[in-house]
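In what follows, a single structure is set out as structure tokens and then discussed.
There are 2 protein chains.
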Amino acid sequence: MIELRHLRSLTALRDSGSLTAAAERLHLTQSALSHQLAELEQRLDMKLFERKSRPPRFTLAGERLLALAEDLLPRLREAERDLARLRGGHSGRLHVTVECHSCFEWLMPALETFRGYWPEVTLDLSMGYGFEPLPALARGDVDLVVTADPVEHAGIVYEPLFRYQNVLLMPPGHALCNKPWIAPVDLAGETVISYPVEPERLDLFRRFLAPAGVEVTRRSSELTVMILQLVASGRGLAALPQWAAASAAADGHVVTRPLGEHGLWSTLYAAVREEQRELAYVAEFIGTAKASCFATLEGLRAATA
Amino acid sequence: MIELRHLRSLTALRDSGSLTAAAERLHLTQSALSHQLAELEQRLDMKLFERKSRPPRFTLAGERLLALAEDLLPRLREAERDLARLRGGHSGRLHVTVECHSCFEWLMPALETFRGYWPEVTLDLSMGYGFEPLPALARGDVDLVVTADPVEHAGIVYEPLFRYQNVLLMPPGHALCNKPWIAPVDLAGETVISYPVEPERLDLFRRFLAPAGVEVTRRSSELTVMILQLVASGRGLAALPQWAAASAAADGHVVTRPLGEHGLWSTLYAAVREEQRELAYVAEFIGTAKASCFATLEGLRAATA
DNA sequence: GCTCGATCATGAAAAATTCTCATGTAGAAG
DNA sequence: CTTCTACATGAGAATTTTTCATGATCGAGC
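Line by line, the protein sequences are chains A and B. Under this note's numbering, the letters of the first sequence match residues -14 to 290, in that order. Under this note's numbering, the letters of the second sequence match residues -14 to 290, in that order.
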């Protein structure tokens, strides 16, 4: 009657706030998910959630099933880990490379959690400086790359982690603070602080300024805290993922605005070699990373609300 | 990967001691179960149990999954009960009739458990004396009949509860104690004590003595303890389900022997009206009854070992 | 009020899975 | 050595799950 699939679907629905988004997270079509839940409701002869409210509102029955999911799914995952460990031979290496500098915020907790689950797996971590991560991944020098730029590559598969928005950071009182959102031309002639990588690898330049032909003065810093510092003290502007700027913005040190009318959105992916995708600890790492991203966004939402 | 179905299959396998028996309990063919478990083992890339030992011996991985099942399945059942309760309207009546006099041993604990789970359901209990239980079931006077005699009847479905053996009870020192098993002719002329119902409704007469044309002197008593008493004091012999005789036999008050070379086996069924079979509390009662039967047999095995 | 965009529902068909049937094999009991 | 029972296995049937294509609904913005 009730299947694990249903529990996973309901949790995804709660966590993502819409059928469509939940379906994507579950690697299903929206239709499949709609059918699946409709059929479950029919079999149980109960409504599980209110469709016409956003986010969907769960009924008591729905809540009960979500509670069941909270109860069962972690135990199931734990058993699966135990089995993978029992099967043995999987005390491998996981060399993670991050292209996204601000990702440490959620990556560090994820690494920590993972290390607890899979103590036998040797974790390596490197930044995507100085070499092209994807060829390195394909060669096997690296096992997992966190990137916002999913280039097609034979034997490489991308697993979406989450979607986020890049925002513009300004010192309080900057003229642009008065605009609800920032157009490319607004930045003409400004000083922009970024991580020290080629502009083509930064969304701000590649997807926002370059298409509009806008030129800016560039300045760079390796560290996110340093960038925040520089912006706060009026040495320039910067574009960062929303979550990286959130705490400074909440403290009033900087002001953030969307880039473009609808914001400059990116999706972060975990790239792995196809043959490693099903490997227990790799799949587990991706799951942990997703959860950590989600927790970060949650914390952000809670902090700003 | 791992599904609830697998957990149920493994528990059934452990509880029934063979693939074939487990398959029957799960309402599957032996083939289906074999396929299912073989495929799970392949997907996990681990052996879960040793086939060539009887009862099957579980590997560590198998044990881990059994532990998971112990963990998840009761929680799942609990959630299902909560949902059924939430759906409401199911505070019905459950009128149980028992044809089998010795069944109270396991029926009472089952009723107790059930009452805890479904306090809204009014429980009635009656013995199958003085009226034909099946027509009463079909009419709706009764909702569930425990019987060893599954007569085809439109609209009535039978759910097997468990298989048991009828054994012959004798006072210690009786001549027949020397035989490893009892033939019908051995009983010719003996006094046989039974419950006060027509002989055709007692397996001993219908399936054992009558086919062989053997006549005995009959005597009857309503109570199982009384029958045990009479046998122990040499007033006659009796045939009872093994579990009902077990404690007296363990104490040495009576001696038991199989009836016929292979024993006189029966299966106990729960009969319900087809349209009620899927009803939550009916299904739950049958489940509880099965579990209780199983626990009784377990206790028996433990006591005799 | 109308259109646009997005979300969700729905029917039919395709794909995948799970089960059964028929049969084969191996080990235990006689 | 035969027979019996439990289990395995391949092929096909049945069922379930998913997708595709399309329609309905609802809110935002003009």
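Backbone N, C-alpha and C fix where the C-beta goes; we use that ideal spot for every residue, glycine too. Only a predicted model underlies this, so the values are computations on that prediction, with no experimental measurement involved.
- Query: Sorted by chain position, which residues of the same chain lie with C-beta nearer than 6 Å to B:T107's C-beta, five sequence neighbours on each side aside?
  - Reply: Reading the second sequence from its first residue, position 122 is the one you call residue 107 of chain B. Same-chain partners within the cutoff: R78.
- Counting along the chain, where does the alpha helix (DSSP H) carrying A:Y102 start and finish? Counting from one through the first sequence, the residue named residue 102 of chain A turns up at place 117. Per DSSP, A:Y102 belongs to the alpha helix (DSSP H) from 89 to 102.
- Kindly indicate if chain A contains any beta-carbon less than 8 Å away from that of B:E(-12). Walking along the second sequence from the start, residue -12 of chain B turns up at place 3. At least one chain A Cβ lies under 8 Å of B:E(-12).
- Task: Return the bridge partner residues of A:Y143 from the DSSP annotation.
- Result: Position 158 of the first sequence, counting from 1, holds the residue named residue 143 of chain A. DSSP output for A:Y143 lists A:A256 as bridge partner(s).
- Message: With the cut-off set at 8 Å, would you say B:E307 and B:Y254 are in Cβ contact?
- Response: Since the first residue of chain B shown is -14 and the last is 290, residue 307 of chain B is not available in this structure.
- Query: Mind pulling the chain A residues with CB within less than 7 Å of B:E269?
  - Reply: The count along the second sequence starts at 1 and reaches residue 269 of chain B at position 284. Near B:E269 there are no residues of chain A at all, since even the closest Cβ is about 12 Å away, more than 7 Å.
- Query: How big is the Cα-Cα spacing for B:H238 and B:W166?
  - Reply: By one-based count along the second sequence, residue 238 of chain B stands at place 253. By one-based count along the second sequence, residue 166 of chain B stands at place 181. Counting only the Cα atoms, B:W166 lies some 19 Å from B:H238.
- Query: For A:Y149, does the three-state DSSP call read helix, strand or coil?
  - Reply: One-based indexing of the first sequence puts residue 149 of chain A at position 164. DSSP places A:Y149 within a strand segment (E or B) once states are collapsed to three.
- Task: Compute the distance between the beta-carbons of B:N151 and B:P41, then report whether it is under 8 Å.
- Result: Looking up residue 151 of chain B in the second sequence gives position 166. Looking up residue 41 of chain B in the second sequence gives position 56. Not closer than 8 Å, so no.
- Message: I need the DSSP call for B:D171, collapsed to helix, strand or coil.
- Response: Here residue 171 of chain B refers to the residue found at position 186 when the second sequence is read from its first residue. Correct three-state label for B:D171: helix.
- Task: Just mark B:R62 as buried or exposed, buried being the case when its beta carbon has 16 or more other beta carbons within 10 Å.
- Result: Residue 62 of chain B sits at position 77 when you count from the first residue of the second sequence. B:R62 is exposed by the Cβ-count criterion.
- Check each residue of the stretch 47 to 76 of chain A: if its Cβ is closer than 8 Å to any Cβ of chain B, include it; give the result in chain order. R49, L50, A52, L53, D56, L57, R60, L61, A64, E65, D67, L68, L71, R72
- For B:R262, the nearest candidate out of B:F43, B:L129, B:L187 (CA to CA): Reading the second sequence from its first residue, position 277 is the one you call residue 262 of chain B. Checked all of B:F43, B:L129, B:L187; the closest Cα to B:R262 is B:L129.
- Task: Name, going along the chain, the residues of the stretch 181 to 213 of chain B whose beta-carbon falls closer than 9 Å to a beta-carbon of chain A.
- Result: Against chain A - using a Cβ distance shorter than 9 Å - the stretch 181 to 213 of chain B contributes no residues.
- Item | Spatial neighbours of A:P157 in its chain, beta-carbon cut-off 6 Å, leaving aside the 5 residues before and after | The count along the first sequence starts at 1 and reaches residue 157 of chain A at position 172. The beta carbon of A:P157 sits closer than 6 Å to those of V240, all from its chain and outside the five residues before and after it, given in chain order.
- Item | Exposed unless 16 or more other CB atoms sit within 10 angstroms - verdict on B:V267 | Position 282 of the second sequence, counting from 1, holds the residue named residue 267 of chain B. It counts as buried.
- Item | Min CB distance B:L29 to chain A below 8 Å | The residue labelled residue 29 of chain B in the question sits at position 44 within the second sequence. Output row for B:L29: interface = yes.
- If you run the structure through DSSP and keep just helix, strand and coil, what is B:R36? Position 51 of the second sequence, counted from the first residue, corresponds to residue 36 of chain B. If DSSP states are grouped into helix, strand and coil, B:R36 belongs with coil.
- Hey, does B:L(-5) have any beta-carbon neighbour from chain A nearer than 8 Å? Within the second sequence, the letter at position 10 stands for residue -5 of chain B. No, because no Cβ of chain A sits closer than 8 Å to the Cβ of B:L(-5).
- Message: Tell me which residues of the stretch 32 to 47 of chain B have at least one Cβ-Cβ distance to chain A shorter than 9 Å, keeping chain order.
- Response: Per Cβ criterion, the list reads T44, L45, A46.
- Paired residues, beta bridge with A:A121 - DSSP: As a first step, residue 121 of chain A is located in the first sequence; it is residue number 136 there, counting from the start. DSSP, once it has assigned bridges, lists no residue as partnering A:A121.
- Query: In three-state DSSP terms, what is B:V177?
  - Reply: Within the second sequence, numbered from 1, the residue matching residue 177 of chain B stands at position 192. Secondary structure of B:V177 (DSSP, three-state): strand.
- Just the C-alpha distance for A:D188 and A:L(-8), rounded to the nearest angstrom, thanks. On the first sequence, residue 188 of chain A is found 203 positions in, with the first residue counted as 1. On the first sequence, residue -8 of chain A is found 7 positions in, with the first residue counted as 1. Those two C-alpha atoms are separated by around 37 Å.
- Query: Do B:G47 and B:L(-5) have their C-beta atoms closer together than 8 Å?
  - Reply: Counted from its first residue, the second sequence places residue 47 of chain B at position 62. Counted from its first residue, the second sequence places residue -5 of chain B at position 10. In contact: B:G47 and B:L(-5) (Cβ atoms closer than 8 Å).
- How is A:P157 classed by DSSP in three states: helix, strand or coil? Within the first sequence, the letter at position 172 stands for residue 157 of chain A. Residue state, collapsed to three classes: coil.
- Roughly how many angstroms lie between the CA atoms of A:L223 and A:S179, to the nearest whole one? Within the first sequence, residue 223 of chain A is the residue found at index 238, counting from 1. Within the first sequence, residue 179 of chain A is the residue found at index 194, counting from 1. Here residue 223 of chain A turns out to be Ala, not Leu, going by the sequence shown. So the alpha carbons of these two residues sit roughly 6 Å apart.
- Quick one: what's got a C-beta closer than 6 Å to B:G113's C-beta in the same chain, skipping five residues either side? Within the second sequence, numbered from 1, the residue matching residue 113 of chain B stands at position 128. Taken in chain order, the residues that qualify are T82, E84.
- Item | Paired residues, beta bridge with B:P314 - DSSP | Only positions -14 to 290 of chain B appear in this structure, which leaves residue 314 of chain B out of reach.
- Query: Within this structure, are the beta carbons of B:L4 and B:Q15 separated by less than 8 Å?
  - Reply: For the purposes of this step, residue 4 of chain B is taken as residue 19 along the second sequence, with counting starting at 1. For the purposes of this step, residue 15 of chain B is taken as residue 30 along the second sequence, with counting starting at 1. Yes, Cβ-Cβ distance for B:L4 and B:Q15 is below 8 Å.
- Query: Going straight from the alpha carbon of B:H159 to that of B:D109, what length do you get?
  - Reply: Indexing the second sequence from 1 puts residue 159 of chain B at position 174. Indexing the second sequence from 1 puts residue 109 of chain B at position 124. C-alpha separation (whole angstroms): 42 Å.
- Task: Give the DSSP-derived three-state secondary structure of A:F279 in the structure shown.
- Result: In the first sequence, the residue the question calls residue 279 of chain A occupies position 294. Helix at A:F279.
- Query: With 16 as the cutoff for other CB atoms within 10 Å, does A:T202 come out buried or exposed?
  - Reply: In the first sequence, counting from the first residue as 1, residue 202 of chain A sits at position 217. Per the 10 Å Cβ criterion, exposed.
- Item | A:P59, enclosing beta strand (DSSP E) - first and last residue | Within the first sequence, the letter at position 74 stands for residue 59 of chain A. Element bounds for A:P59: not the beta strand (DSSP E) but the alpha helix (DSSP H), 45 to 72.
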